[in-house]
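Letter 149 of the sequence shown, counting from 1, is numbered 168 in our numbering, and no numbers are missing.
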Amino acid sequence: MSSLKTLVPPKPIKLYSCVICPWAARTWIALTQANVEFEYIEIDLKNKPEWFLKEVNPGGKVPTLKYGDDIIIESAITTEFVADLFPEAKLIPDDPFLRAQSRLMADRFMEYLVPVYRELYVACNVDAAANVFGAIDKFLPYLKDAKPFFGGSDHLTLAEILIAPFLSRLYMVLESGLVSGETLETLTSDPKYEYFNTWAQNIFATPGLKGTFDKTANLNWMKERLSSLGKL
Ligand SMILES: N[C@@H](CCC(=O)N[C@@H](CS)C(=O)NCC(=O)O)C(=O)O
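Structure representation (structure tokens):
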């Protein structure tokens, strides 16, 4: 729940992140959405600071969450940690069945739609855009009561937070002009995809997404990659 009140953690939180990392974005979104007080530290992944590797995370990955003196890694775990630490933010549905269903929804999104995101954004196979439709068709039965969010929730919960960084980058590529505009046109105008598209737009309009997603930096990353692959 996006509360106006700033949530002060029992111990200081530091998030080591990188603007172009969707995994790190999960925890960043959770902290931002819940309006938690934390320190954001940007890590240059191409040139990782010595202190980060020595004193924070020898594994060298983001997200890394520091809570007091403790280190927590792996985005699904760091994000759930935020939800657990701030029950008042209601990032996890109260009802156990709804919770189970929301986890299944997130799993299915990772199974069906993240491969399309990877193909488009990471592999820069710009001809793969239309694959999004088959993936959405398989995913839709798991997206229950998205009114406006999963399970009829009026705010983002954990499952959607885990999904959001990939969903936002997927749309970013479709909107970028780097791929044919036909896919976006169908996605946003065909009644068959209205439910999915409205849900996606609702997610993009949340404080968690608006406060964290840097489209320019992420698009630049893709352009550099396209260029290094000789595709731009
Ligand atoms: N399974 C990890 C994946 C995190 C990940 O791969 N992060 C990338 C950036 S997007 C990273 O830190 N790469 C640096 C490296 O592998 O050295 C998670 O969910 O947290």
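All residues carry an ideal CB built from backbone N, CA and C; glycine is no exception.
Being a predicted model, the structure only gives us computed values, none of them experimental.
Start and end residues, beta strand (DSSP E) containing residue i
{"i": "Ser-36", "result": "32-36"}
Environment of residue i [buried if 16+ CB atoms lie within 10 Å]
{"i": "Lys-234", "result": "exposed"}
{"i": "Glu-213", "result": "exposed"}
{"i": "Glu-243", "result": "exposed"}
{"i": "Ala-224", "result": "exposed"}
{"i": "Ser-172", "result": "buried"}
Heavy atom of ligand 1 within 7 angstroms of residue i beta-carbon
{"i": "Glu-93", "result": "yes"}
{"i": "Lys-80", "result": "yes"}
{"i": "Leu-64", "result": "yes"}
{"i": "Trp-70", "result": "no"}
{"i": "Cys-37", "result": "yes"}
{"i": "Trp-218", "result": "no"}
Residue i: first and last residue of the uninterrupted alpha helix (DSSP H) it sits in
{"i": "Thr-83", "result": "No alpha helix (DSSP H) contains Thr-83, which is instead part of the beta strand (DSSP E) from 83-86."}
{"i": "Asp-126", "result": "115-131"}
{"i": "Tyr-190", "result": "177-194"}
{"i": "Tyr-214", "result": "213-223"}
Distance CB(residue i)-CB(residue j) smaller than 8 angstroms
{"i": "Gly-227", "j": "Ile-96", "result": "no"}
{"i": "Phe-105", "j": "Ala-53", "result": "yes"}
Worksheet entry | Inter-stretch contact at 8 angstroms, needing at least 3 Cβ pairs: the stretch 28-36 / the stretch 48-64 | With a cut-off of 8 angstroms, the stretch 48-64 and the stretch 28-36 count as touching, because enough Cβ pairs lie within range.
Fill in: the stretch 121-130 / the stretch 171-185 touching (three or more Cβ pairs under 8 angstroms)
Pairwise C-beta distances place the stretch 121-130 in contact with the stretch 171-185, as three or more of them are shorter than 8 angstroms.
Discussion item. Can you confirm whether the stretch 82-100 touches the stretch 141-152 when touching is taken to mean that 3 or more C-beta pairs between the two stretches lie within less than 8 angstroms?
Written reply: Under the 8 angstroms Cβ criterion, the stretch 141-152 does not count as touching the stretch 82-100, having fewer than three qualifying pairs.
Worksheet item: Is the stretch 125-144 touching the stretch 154-162 in the sense that three or more CB pairs, one from each, lie closer than 8 angstroms?
Response: At 8 angstroms Cβ cutoff, the stretches touch.
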